[in-house]
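Numbering (our numbering), first residue to last: 467 to 636.
The structure appears below as structure tokens.
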Ligand SMILES: Cc1cc2nc3c(=O)[nH]c(=O)nc-3n(C[C@H](O)[C@H](O)[C@H](O)COP(=O)(O)O)c2cc1C
């Protein structure tokens with residue numbers, strides 16, 4: 467069976483929820499899936515592909531996602547990677563001009579695709595400095611995650627992997 471690691475860096479759960487939806491969809495497409503926080507991954511042995519996501523804070527991926535890439539670089543170089551980011555809020559379009567910079571740590575790896583998904587913001591969860599930043603930029607509060615878009619993307623990953631790897635795993 468094709469084995470996929472879905473790994474994620476998430477501060478308040480929005481990106482983790484996206485990772486879980488992706489994992490559910492990959493499982494429904496008959497792939498074997500593990501979901502792990504990026505700072506809990508010990509080894510990539512046995513995995514055929516990685517889906518890696520991070521929340522965006524102050525224009526960058528969270529440190530745990532960047533550290534994961536650094537630590538697992540050798541193993542990551544041997545497999546296809548799908549990347550996603552969660553950040554923009556409300557109906558602000560995903561800043562695709564920034565997208566390349568977000569995944570700069572993955573620049574010499576085999577990244578098949580990178581999607582920037584709309585995220586979630588709950589003021590009540592934030593630290594006081596974060597709340598001040600969110601207020602200053604008039605960040606819209608709410609859960610804006612687009613589950614259909616997320617699940618569609620996951621199905622595309624599953625189909626690509628099955629088309630490429632199914633014979634190896636028959
Ligand atoms: C202090 C702060 C800074 C943020 N900076 C950015 C940013 O630079 N770009 C962006 O697209 N989203 C930014 N966001 C929005 C978050 O990325 C978004 O809420 C995300 O879905 C949170 O994911 P998490 O719950 O997994 O941590 C910021 C949010 C906070 C609270």
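Idealized CB from N, CA, C, for every residue including glycine.
Check your understanding: Can you pull the DSSP bridge partners for residue 522?
Key -> Paired residues: 527.
Review point. Would residue 519 be called buried (16 or more neighbouring beta carbons within 10 Å of its own) or exposed?
Key: Here residue 519 is buried: its Cβ has 16 or more other Cβ atoms, across all protein chains shown, within 10 Å.
Point to revise | Any residue whose CB is nearer than 7 Å to a heavy atom belonging to ligand 1, listed in chain order | key: Spelled out in chain order, the answer is 476, 477, 478, 479, 480, 481, 482, 521, 522, 523, 524, 525, 552, 553, 554, 555, 561, 585, 586, 587, 592, 596, 599, 600, 605.
**Study point:** Residue from 585, 489, 477 whose Cα sits closest to the Cα of residue 622
**Key:** Nearest option by C-alpha distance: 489.
**Study point:** Distance between residue 584 and residue 612 (C-alpha atoms, nearest Å)
**Key:** So the alpha carbons of these two residues sit roughly 7 Å apart.
Exercise for review: Measure how close the beta-carbons of residue 582 and residue 554 come, nearest whole angstrom, since I'm counting them as under 8 Å.
Suggested key: Contact flag correct, Cβ pair sits at about 7 Å.
Check your understanding: In whole angstroms, what separates the C-alpha of residue 515 from that of residue 509?
Key -> Residue 515 and residue 509: Cα-Cα distance of roughly 13 Å.
Point to revise | residue 526 versus residue 626: straight-line alpha-carbon distance, rounded | key: Rounded to the nearest angstrom, the two C-alpha atoms are 28 Å apart.
**Study point:** Contact the stretch 534–543 vs the stretch 571–578: 3+ CB pairs below 8 Å
**Key:** Flag = yes, the stretch 534–543 and the stretch 571–578 touch.
Practice item. Would you please state the rounded distance, in angstroms, between the beta carbons of residue 484 and residue 552? I believe it to be under 8 Å. Key: Contact annotation, residue 484 with residue 552: C-beta distance approximately 6 Å; criterion of less than 8 Å satisfied.
**Study point:** Proximal residues to residue 619 (C-beta, below 6 Å), its chain only, five neighbours per side dropped
**Key:** These residues qualify, in order along the chain: 581.
Review point. Can you tell which of 550, 635, 557 has its C-alpha closest to the C-alpha of residue 567?
Key: Checked all of 550, 635, 557; the closest Cα to residue 567 is 550.
Point to revise | Which listed residue (493, 507, 615, 512) has its alpha carbon closest to that of residue 533 | key: That would be 507, whose Cα lies nearest to the Cα of residue 533.
Exercise for review: Could you tell me which residues DSSP pairs with residue 498 in its beta bridges?
Suggested key: BP columns for residue 498 point to 469.
Check your understanding: In or out: residue 530 buried (at least 16 other Cβ within 10 Å) or exposed?
Key -> Under this definition residue 530 is a buried residue.
Review point. Cα separation between residue 564 and residue 480?
Key: In a straight line, the C-alpha of residue 564 is about 20 Å away from that of residue 480.
Review point. Secondary structure at residue 589, three-state DSSP: helix, strand or coil?
Key: Looking at residue 589 - three-state DSSP - the assignment turns out to be helix.
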